[in-house]
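Visitor:
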Amino acid sequence: MSKHLIPAALLWVVLTAIGEATFFLDWLPVVGSPEAEEWDLIFNVLLAMGIPVFTFVVAALIYAFWKFQTANEGGETGSPFKGTGSFPKVWLVITSVLAAISMIIGLVSLSNLQVDKAGYGWGEDQAPLVIETTAQRFSWTFAYKDKNVELLSAKDTELLLPIDTEVKFEIQSIDVIHSLWIPAFRMKIDAIPGRTTFLTVEPHVLGSYDTDNNFRVQCAELCGLNHTLMSMHIRVVEQAEFDEWLASKQTKVSR
Amino acid sequence: MAVIAAHGAQTHGAGHMSPAKRLQVNRVGLWLFFFSESIIFGLLFTSRFFLLGTHQEHVDQFLGLVITIVLLASSVTAYTAETAMEKGNRKLAAWSLFATILLGVVFAIGVGFEWSVAEFGIKTAVEGQDPHNVVWGTVFFSMTGLHAAHVVSGVLMLGLALMMLLRGHFSKDSHWGISSTIMYWHFVDVVWVFYYPALYLVAGGGTHTG
Amino acid sequence: MYAATTIGGGLGTGLLSFYLGLGVAALLRSLFGFDAWDRDFNASIGYIFGLIGWLMGVGMWGTWGREWFGAKIKDPHANSRKELGWQRYFMFNVDHKVIGVQYLVTFLVVFILAGAMAMVIRLELMDSGRDFVSNKTYNTVLGMHGIMMVAVAVAAVVGGLGNYAVPLMIGADDMAFPRMNALSYWLVPPVAVTLLLSPFLGGLETGWTAYPPLSVLTQSAQTFWNLAIITFGLSSILGGLNFVVTVMFMRAPGMTWGRLPMFVWSMFVTAWLALLYTQGFAVALIMVTLDRIAGMGFFDAARGGDPLLYQHVFWFYSHPAVYIMILPGFGIALEVIGHFSRKPLFAYRYAVGAFLGILGLSGVVWAHHMFTAGIPNYLHGPFLVATELISIPTGLIFLSALGTIWMGKLWLRTPMLFALAVIFNFACGGVTGIFLADVPTDIHLQDTYFVVAHFHYTIVGGEIFGLFAGIYYWFPKITGRMYNEKLAKLHFWWMFIGFNVTFFIMHWPGIEGMNRRIADYPQSLETANLIVSLSAFMLGASFLVFIYNFVNSWVRGPAAEANPWGARTLEWQTSSPPPVENFLQPPVIAGHPYDYGVPGAAPHVTFYPPAVGSPAGGGGGGQ
Amino acid sequence: MPAMGAFQKGYVVAIVLAVMTILEYLFAVHVDDLQVRFLGLAITALAKVYFIAYYFMHIYRCWREEAH
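Protein chains in written order, with the working numbering: chain A, 31 to 285; chain B, 85 to 294; chain C, 9 to 631; chain D, 61 to 128.
1. Where do the N-terminal and C-terminal ends of the beta strand (DSSP E) with A:E162 fall, by residue?
2. Quick check on A:V247: does DSSP put it in helix, strand or coil?
3. Is the CB of C:K144 under 8 Å away from at least one CB in chain A?
4. C:M64 by DSSP, collapsed to three states: which one?
5. Along the chain, where does the alpha helix (DSSP H) that runs through C:H499 open and close?
6. What residue range is occupied by the uninterrupted beta strand (DSSP E) comprising A:Q202?
7. Please state the DSSP three-state secondary structure of C:N433.
8. For C:G288 and C:L317, what's the separation of their Cα atoms in angstroms?
9. Use the C-beta contact count for A:A148: other C-beta atoms within 10 angstroms, 16 or more gives buried, fewer gives exposed.
10. Within 8 Å of any Cβ in chain A, is that where the Cβ of C:V540 sits?
11. Among residues of its own chain, excluding the 5 on either side of C:A362, which ones have a beta-carbon nearer than 6 Å to its beta-carbon?
12. Would you say C:Y257 lies against chain B (beta-carbon separation less than 8 Å)?
13. I want to verify the contact list: residues of chain B whose CB lies under 8 Å from the CB of C:F77, in sequence order.
14. Use the C-beta contact count for A:I81: other C-beta atoms within 10 angstroms, 16 or more gives buried, fewer gives exposed.
15. Taking 8 Å as the threshold (C-beta atoms), are D:L86 and B:V286 in contact?
16. I'd like to know whether the C-beta atoms of B:L127 and C:V252 end up nearer to each other than 8 Å.
17. Find the residues of chain A that neighbour C:V447, judging by a C-beta separation of less than 7 Å, and give them in chain order.
18. If you drop the 5 nearest sequence neighbours on each side, which residues of the same chain put their C-beta closer than 6 Å to that of C:H612?
19. Please classify A:K218: does DSSP put it in a helix, a strand, or coil?
20. Distance check for C:Y356 and A:V120, CA to CA, integer angstroms please.
21. Give a yes or no on whether the minimum CB-CB distance between C:M490 and chain B is below 8 Å.
22. Any C-beta of chain B sitting closer than 8 Å to the C-beta of D:V72?
23. Find the residues of chain C that neighbour A:Q248, judging by a C-beta separation of less than 8 Å, and give them in chain order.
24. Could you list the residues in the region 216-241 of chain B with a C-beta less than 9 Å from some C-beta on chain C, going in chain order?
25. Contact check, C:L335 vs C:I366 under 8 Å by CB: the rounded distance?
26. Which whole-angstrom value is the C-beta distance of B:T184 and B:T161, which I expect to be below 8 Å?
27. Looking at A:V87: is its Cβ nearer than 8 Å to the Cβ of C:F432?
28. Using a Cβ-Cβ distance under 8 Å, would B:F182 count as near chain C?
29. Between the Cα of C:L63 and those of C:P197, C:G565, C:F545, spot the shortest distance and give me the residue it belongs to.
30. Mind checking if C:W414 is an interface residue toward chain A, Cβ cutoff 8 Å exclusive?
31. Would you check if the distance between the CB atom of B:L135 and the CB atom of C:G303 is smaller than 8 Å?
32. How many angstroms separate the CA atom of C:T278 from the CA atom of D:A88?
33. What would DSSP say about A:R271, mapped onto helix, strand or coil?
34. How would you write the range of the alpha helix (DSSP H) that C:T402 sits in, first residue to last?
35. Here's the rule I'm using: 16 or more other beta-carbon atoms within 10 Å means buried, otherwise exposed. How should C:Y146 be labelled?
36. Per DSSP, which residues does A:M262 bridge with? Please list them.
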């Protein structure tokens, strides 16, 4: 048996090493907020756990494919063991432990997200900046609460957010189900008629759609004909620039 | 649908199966069909509580009780018909089937009357009433409607069974056609056992709670 | 000639009844004081009439309906006994082998059509800006690709290979309810026609999930689509019921539960899933239809309804549906791996337990499709846990497969290659599932191409590869001819590489911010999409090899032996193709189906009385 | 109820069901506590279903191979 086990195990180790080496590639999208950092962390942990599982199966398949194939058209028979011993029980324990670990990782991080829960969705009850978001086919309306500024995705080109400030989106829909997704912040929540959903993000790097395409609001739930076009660019700016921009918008509105 | 399961199969495989086994296979098939149907009814039933909790608009609870008793009475006549068939009493079976059909029709008319006097609509809320009005109407009409559709199809199937019986089909030892339609009829009654309290009684004496 | 009569009769009565239904609906509407014509309402009633007319026209009236009115029926087996050649596949026929072939070929055609639609989608997505098709066409193509592939995944293996192989493998002469079996097949053509007509009836706007309120508000062919899918659900439920009863009651003497072949086990569990959950889709679509044609308010938030109700009811079916799709794939993979490794199936009992465990868990995981849908916070945790639990029984399937090939004598014919590919692909699909089951990672990945890649890995990589394993495995049995091994291997490697390149790379745009169901995307994703598109075209082209091999081998392949694989299971112990009554002598089961090389193992099957000099057609008697 | 004839057995069950239905109605109309009412209705419904499934629909025959 060990004649086969050792080379197969070696194959597994090599494949795993190759798989885990992808962590040096830094291929995840731009990290725009602490929420995104958290996401990247969990994603990488789960990936680090998943790669050995995948390579285990692949190594066993490749090794068997390579060593156990026979040209004798089905005449020979293999070792007649049936797997009724303790091996399946060990396997059951190992897979249960792995499943439990991924559950715990998920639950811990989930509780981080939900610590300050506000009805549906995620985010703190109060945030310094609240944006009342209304979705409709096929545009977004963003109203800065108490600031008297309203942006329309059909008319305005960019949604400005101040850096290092918690921004809470209060999302409503007036016709069908949409979904507000900001890839740079790894956050998404559906907009459902008859409900208000929430999500809170805290941008912590400057950026805009021009520097990275992931700074955008995107509708992520099929909402009909022009679902594709239902997006808007985001620009994260310094607080001062944000205030200045807000003031200029306010004067325009009041005029 | 019960007709489909009811008549099952007479295959070249029938040669491999004793009539008793064939009957058992048919019966289990019919029960699985009921099982499958009860999930349709169950999902609507659950939707009613998902949307409204235990809220209930005003319905005529006494009328509900009356039609429930009518349906129960039809179950008794159906039971009589099957038992009579098992004892080989075709005449009693025919009369009982007839009574069952009659009571089924009365039940359907009762539901129709209930619909015509309902104090809620599905299009727009009635002026000055609870805003739950429309969704209550939706739930009430679809639940009773789905059930009534089963009652009507049951009546049609009982009618076919009665017609066949009068033409001299079925015997003491072979009357799966009648047994299966009557089982279907009882199943429709079972559904009503849940639907009646969910629609008429959950909120108590006609009060608006929830 | 016979075939033309059947199909023509069905179409004729179907169309007449359709128009009759339109008239009846118009009459009823004007009686109750509405406008006589409302497209969706009248067409719905017409559809129901037309469906019944079609069924009666193709032969249900003669072999079934007359019985309800006490008249003598035509012998439903008349068609199986006549020497009809290819025409018997176009006729009402209760023989499970004919129905299996009807299902298989129908859904292979649907598969090819839906695959062609995928090519249109990839053509549109090759370039970020340019429009190859309009947004309306794109959504229609997308929705049709989705629902047709779901139909293929639900019915091709269950209806096709399941119908063909299960009665043979348990030693039955047919399914428990042969006429109902034929009914569930003949419900399919109207569904296929209605789906294919939908671009001409206003297109599809909602994808295959049909979420309200969009599906209530849309002006597209939604009502027809709903009716078609409800019909398909009915077919699926009746099929499932039939399989459950067949496996419970039609097993040959000695075929205990512990001796059932893995494929039969998988079909049994799948049938339970279809029987238990398919109603969810039907109920959800009935609610949408009522909202559309009767103005009800299930999903209208302004009138007190709740759009999330739909998602709960819908996913109550549609999550178990993925197990309806994948379990037959596992079943075929384990079956083929068992026979082609030439050693006993490893941990048979654990694999059966895995199937049953998945059956048990499948009903409590649906809300993981709704993690970002604004469901109450307290639902996230339990559904996360339940979803992760599924990975434990799934792990046992891997245990069984890997344990079986270990130290075996692998005979690498095409079915075996496909079966091993199922294990490979599903390992990838399973690992990516972890990211979607954990709520925090799912928030970003939900509704992106990561999900698309994941479910193509599980369903195409798991089930469709399994389907092809099954097609090549049973091809000699079904057709009595051998396929061309070289072309089959070419098909395998071409499809395997094309598939893995396409969908492995597809994870990347998903993580990088490309969501599903869009026709255009930011420029930064162009490279990834170009690669995916090109390899998708390669994947699509591989099926041309398959079609050529399939058709050519069926028409003029070399005659196949009764048991070309030297397999122990029952279906190989009768001639290829089997006689109408399946076994000339009643089989008796004495041993385990996978006991290859086990010293002193009893043969799986013996025939009693011994197969000498018994007259043909002597299938009756016994038991 | 072994000593009883088949017809009588059915009628006794039917009377039990009728009494339960009327009691259920009176109970629901006169009990004010929602939880108690809900529980009572649920128990009655399950009991009624048991009676119908066992005595009227003969569910036990599923496990028997017999001709009626």
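Just so you know, even glycine gets a beta-carbon here, dropped at the ideal spot from N, CA and C.
Guide: This is what the structure gives:
1. 159-166 is the extent of the beta strand (DSSP E) around A:E162.
2. Reduced to three states, the DSSP call for A:V247 is strand.
3. Residue-level contact check: C:K144 touches chain A, since one or more beta carbons of chain A fall below 8 Å from its beta carbon.
4. The answer is helix: DSSP assigns C:M64 an H, G or I state.
5. Start and end: 493-519.
6. That run of the beta strand (DSSP E) goes 197-203.
7. Three-state result, C:N433: helix.
8. Rounded to the nearest angstrom, the gap between the Cα atoms of C:G288 and C:L317 is 11 Å.
9. Here A:A148 scores only 49 on pLDDT, less than 50, and its place in the model is too uncertain to base an answer on.
10. Interface flag for C:V540 against chain A is unset, since no Cβ pair is found closer than 8 Å.
11. Once the five neighbours on either side are set aside, the close Cβ partners of C:A362 are P401, L404, I405.
12. The sequence as given places Phe at residue 257 of chain C; Tyr does not occur at that position. By this cut-off, C:F257 is an interface position.
13. Listed along the chain, the chain B residues whose CB falls inside 8 Å of the CB of C:F77 are L244, M247, M248.
14. Burial call: buried.
15. In this structure, D:L86 does not lie closer than 8 Å to B:V286 by Cβ.
16. In this structure, B:L127 sits away from C:V252, with a CB-CB distance that is not shorter than 8 Å.
17. Here the neighbours are G136, L140.
18. Apart from sequence neighbours up to five positions away, the residues of its chain that approach C:H612 with a beta-carbon distance below 6 Å are R576, G599, P601, ordered along the chain.
19. Strand at A:K218.
20. A straight-line Cα-Cα distance of about 16 Å links A:V120 and C:Y356.
21. At a cut-off of 8 Å between beta-carbon atoms, C:M490 makes no contact with chain B.
22. So, not an interface residue.
23. Proximity of chain C to A:Q248 at the Cβ level (cut-off 8 Å) is accounted for by G521, N523, in chain order.
24. The region 216-241 of chain B vs chain C, Cβ under 9 Å: H216, N217, V218, V219, W220, G221, T222, V223, F225, S226, G229, L230, M241.
25. The C-beta separation of C:L335 from C:I366 comes to about 7 Å, placing the pair in contact by the 8 Å criterion.
26. Between B:T184 and B:T161, the beta carbon gap of about 4 Å places them in contact (Cβ cut-off 8 Å).
27. The criterion of a C-beta distance shorter than 8 Å is satisfied by A:V87 and C:F432.
28. Contacts with chain C at 8 Å (Cβ-Cβ) do not include B:F182.
29. Comparing Cα positions, the closest option is C:P197.
30. Using a Cβ-Cβ cut-off of 8 Å, C:W414 counts as an interface residue toward chain A, since at least one Cβ of chain A sits closer than that to its own.
31. Contact flag unset, no.
32. If you take the alpha carbons of C:T278 and D:A88, they lie about 42 Å apart.
33. Before going further, note that residue 271 of chain A is Glu rather than Arg in the sequence given. Assignment of A:E271 by DSSP, reduced to helix, strand and coil, places it in the helix class.
34. Its alpha helix (DSSP H) spans residues 399-413.
35. Within a 10 Å sphere around the beta-carbon of C:Y146 sit 16 or more other beta-carbons, which makes this residue buried.
36. A:V247.
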